[in-house]
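Here the structure comes first, spelled out in structure tokens, and everything after it is commentary.
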Amino acid sequence: MDFQEALDEICGSQHYQTKSPLEALKYLHQEVTESQIAWLRSNPDKARQKVSEALPRLMVAMRLLGIDPMAVIEAKARGATQRQRIMYIIGNRVEVRVGEELRGSWTIWSEEDLREVHNLAREFECVLVHTPPEEANSYQVGFFNSGGNGTTYPSSKTPS
83 MDFQEALDEI
93 CGSQHYQTKS
103 PLEALKYLHQ
113 EVTESQIAWL
123 RSNPDKARQK
133 VSEALPRLMV
143 AMRLLGIDPM
153 AVIEAKARGA
163 TQRQRIMYII
173 GNRVEVRVGE
183 ELRGSWTIWS
193 EEDLREVHNL
203 AREFECVLVH
213 TPPEEANSYQ
223 VGFFNSGGNG
233 TTYPSSKTPS
């Protein structure tokens, strides 16, 4: 069963029938509130059950409001990848990109500048892509969300 078939079945179900978008939103709110109360009362199983019940309520409310749930999911997925911040160090140059858009660039003049680039990448949770000048076509990637220092080097290029 694909997503659209499942959505049609949910909207056609007698259990989820509502008279108006407002009524659908009220039912959705009720399920989410009950989930939150269950969680606050240290009942995670009931909280999970209520959140699971809220999902079909959300789909019905979206349909009644004229929103295509699949289009929203696709748009949000595209938006999440487009906002990824990446700092490229290419030789002695730094480029900051958000998605495909170049947001800034500058030259690295010293080791202190390079340390500052690493600090900025960590502070702003950027992916750091380091390309040494002699290997301009191969990338080394470091992730600053993982708790490490973020930069990886080829084994033959490890700094001393």
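According to my numbering, the sequence shown is numbered sequentially starting from 83.
From the three backbone atoms N, C-alpha and C, an ideal C-beta is built for every residue, glycine too.
Apart from the five residues just before and just after residue i, which ones in its own chain have a Cβ nearer than 7 Å to its Cβ?
i, result
"VAL142", "ILE92, CYS93, TYR98, THR100, ALA106"
Exposed or buried, which one is residue i when buried takes at least 16 other CB atoms within 10 Å?
i, result
"ARG185", "exposed"
"VAL154", "exposed"
"SER117", "buried"
"GLY230", "Because GLY230 carries a pLDDT of 43, less than 50, the predicted location of this residue cannot be relied on, and the following value inherits that uncertainty. By the neighbour-count rule (16 or more Cβ atoms within 10 Å), GLY230 is not buried but exposed."
"ALA203", "buried"
Grab me the residues of residue i's own chain with a C-beta within less than 6 Å of its C-beta, minus the 5 sequence neighbours each way, in chain order.
i, result
"ARG139", "TYR109, LEU110, GLU113"
"MET78", "For residue 78 there is no data in the structure shown, the boundaries of the chain being 83 and 242."
"ARG130", "none"
"LEU89", "MET141"
What distance in whole Å lies between the Cβ atoms of residue j and residue i, which are believed to be in contact at a cut-off of 8 Å?
i, j, result
"VAL180", "SER187", "That belief does not hold up - the Cβ atoms of VAL180 and SER187 are roughly 13 Å apart, past 8 Å."
"MET169", "LEU210", "5 Å"
"LYS128", "ALA136", "Their Cβ separation, rounded to whole angstroms, is 13 Å, which puts LYS128 and ALA136 out of contact at 8 Å."
Going by beta carbon distance, what residues of the same chain come within less than 8 Å of residue i, once the five residues before and after it are set aside?
i, result
"SER102", "LEU146"
"ARG165", "VAL180, GLY181"
"ALA191", "A small fix is needed here, since residue 191 is Trp in this sequence, not Ala. For TRP191, where only same-chain residues beyond five positions count, the Cβ hits under 8 Å are ASN174."
Please confirm whether residue i has its beta-carbon closer than 8 Å to some beta-carbon of chain B.
i, result
"ARG160", "Annotation note: the requested chain B is absent from the structure, which comprises a single protein chain."
Which partner residues does residue i have in the DSSP bridge list?
i, result
"SER187", "GLU177"
Does the Cβ-Cβ distance between residue i and residue j come in under 8 Å?
i, j, result
"ILE171", "VAL199", "yes"
May I ask you to check if the CB of residue i is nearer than 7 Å to at least one heavy atom of the ligand GTP?
i, result
"ASN201", "Because no ligand of any kind appears in the structure shown, any question about the ligand GTP cannot be addressed here."
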